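Numbered by this note's numbering, the letters in the sequence shown go through residues 8 to 256 in order. We put the CB at the ideal spot given by N, CA and C, even for glycine. Being a predicted model, the structure only gives us computed values, none of them experimental.
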Amino acid sequence: STMPSLHPLHAPQNHASSVPVNAPALAVDHLTRIYRSGGHRLTVVNQVSFTIAPGETCAIVGPSGSGKTTLLGLCAGLDLPDHGSVHIAGQDLAALDEDGRASLRRRLVGFVFQNFQLLPTLTALENVLVPLELLGQSGAADRASALLASVGLAERASHYPAQLSGGEQQRVALARAFIHQPRILFADEPTGNLDTATGGPIEDMLFQLNQEHGTALVLVTHDPALARRAGRVLTMRAGTLSESPNPAP
8 STMPSLHPLH APQNHASSVP VNAPALAVDH LTRIYRSGGH RLTVVNQVSF
58 TIAPGETCAI VGPSGSGKTT LLGLCAGLDL PDHGSVHIAG QDLAALDEDG
108 RASLRRRLVG FVFQNFQLLP TLTALENVLV PLELLGQSGA ADRASALLAS
158 VGLAERASHY PAQLSGGEQQ RVALARAFIH QPRILFADEP TGNLDTATGG
208 PIEDMLFQLN QEHGTALVLV THDPALARRA GRVLTMRAGT LSESPNPAP
C-alpha cells in the first residue's frame, strides 16, 4: 500500500507551497536575544549564525545558562529575536504573525522535550495523533499505530501516560514528533529525565527516525556521548556559538 501523501494542505493561495525543497531545514543569521531587567541588559544569544541542511543531524552543547534552550526557542519561533533572522525550510519567521508561526510549526516542525509533554487525558495513540488533528487530517490511525510499533509500543497504544514508564512516555513523544513528517525536529535534552538504560534506546530511535524520514535533527544536550552521534556539534558559551568538527566515530 502506498503512503498517503502528507501534504494535501498546500492550497494555491498558501505561499508555503512555494517552499523550495532544497532550502536549508534551518538558516539562522546573526541571531541576538537580549533580556532586559531593571537597568540591566543580558545578551543571552549573541550574533549566532548557522545553517542546517535537510536531513542533517546537529547537537548544541554547552554549560547550563549558556543560552542553548533560548536559542532553540528562537529557532522554533516560540520566541522572537531582538536582531537577526530565522528561516525554516526557506520561510522567514519574522514575516509571519503569531498564527502564521504556529501554523508553520504544525506543518514543518517536530518537538521532543525533556519532560515529555504528553496530554494526560489521551491514550498513547491519541497523543501521537495530536499533530495531525491540529492539521485537520483524519484517518491516520494506521500510521500512528505503525509509528508506535516502530518505537516498540504496539501493545501500549491504548494506555494513558500515567500507565507508562518515563522511557515509554518519551517513545510516545518521539512517535508524535515524527507523525506529520516534519522538515526539522528540535529535541531539548530528550534523555535528560531518563536513566542510561532507558535513554540509550531513545537516542537510537531519534537517529533511526531521522534516517528513515530525512528529518533534520537539532539536539540540545549536555551528554557528550549523545552529541558525538550527531553529524555536527555546535558549542554555546555565554551566548556565542562555535563549531568544532565532530571526530570520526
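Have a look at residue i and residue j and give me their C-alpha separation to the nearest angstrom.
i, j, result
"T1", "A32", "Residue 1 is absent from the model: the chain starts at 8 and stops at 256."
"H1", "A30", "The structure shown does not extend to residue 1, since the chain is modelled only from 8 to 256, so the question has no answer here."
"T130", "R178", "13 Å"
"R277", "H220", "Past the edges of the chain, shown from 8 to 256, lies residue 277, and the structure says nothing about it."
"Q215", "A234", "15 Å"
"E250", "A232", "17 Å"
"S44", "R108", "27 Å"
"S239", "T64", "The amino acid at residue 239 is misidentified as Ser; the sequence shows Arg. Looking at the two C-alpha atoms, the distance is approximately 7 Å."
"L171", "T128", "13 Å"
"T247", "Q144", "40 Å"
"G174", "T203", "10 Å"
"T50", "G72", "12 Å"
"P61", "Q218", "11 Å"
Using C-beta distances below 7 Å, list every residue in its chain close to residue i, excluding the 5 sequence neighbours before and after it, in chain order.
i, result
"D258", "Nothing can be reported for residue 258, as the shown portion of the chain is limited to 8 through 256."
"V158", "R178, L181, A182, M212"
"L81", "L38, R40, V52, P88, V93"
"R236", "E210, F214"
"P189", "L115, V116, G117, T222"
May I ask you to report which of helix, strand or coil DSSP gives residue i?
i, result
"D86", "coil"
"H47", "strand"
"H187", "coil"
"S157", "helix"
"N200", "coil"
"M10", "Annotation note: pLDDT 40 at M10 (below 50); position unreliable, coordinate value reported separately. In this structure, M10 counts as coil in the three-state DSSP scheme."
"N29", "coil"
"H37", "strand"
"S165", "coil"
"A151", "helix"
"L233", "helix"
"A245", "coil"
"A60", "coil"
"L264", "Residue 264 lies beyond the stretch modelled for the chain, which goes from 8 to 256, so this question has no answer here."
"L226", "strand"
"L192", "strand"
Considering only residues of the same chain and omitting the five flanking positions on each side of residue i, which have a CB-CB separation below 8 Å?
i, result
"S152", "L132, A161, A164"
"I191", "A32, L33, I59, I95, A96, L115, V116, G117, T222, A223, L224, V225"
Can you find a C-beta in chain D that's less than 8 Å from the C-beta of residue i?
i, result
"F214", "No chain D appears in the structure shown, which is made up of a single protein chain."
Spatial neighbours of residue i within its chain, please: CB distance less than 6 Å, with the 5 preceding and 5 following residues excluded, ordered by chain position.
i, result
"P168", "L125, P127, Q176"
"D86", "G80"
> With a cut-off of 8 Å, do at least 3 Cβ pairs link the stretch 171-185 to the stretch 131-138?
Replying inline: yes
>> So within the stretch 74-145, which uninterrupted beta strand (DSSP E) runs reach at least 3 residues, ignoring any that extend past its ends?
In response: 90-95, 116-119
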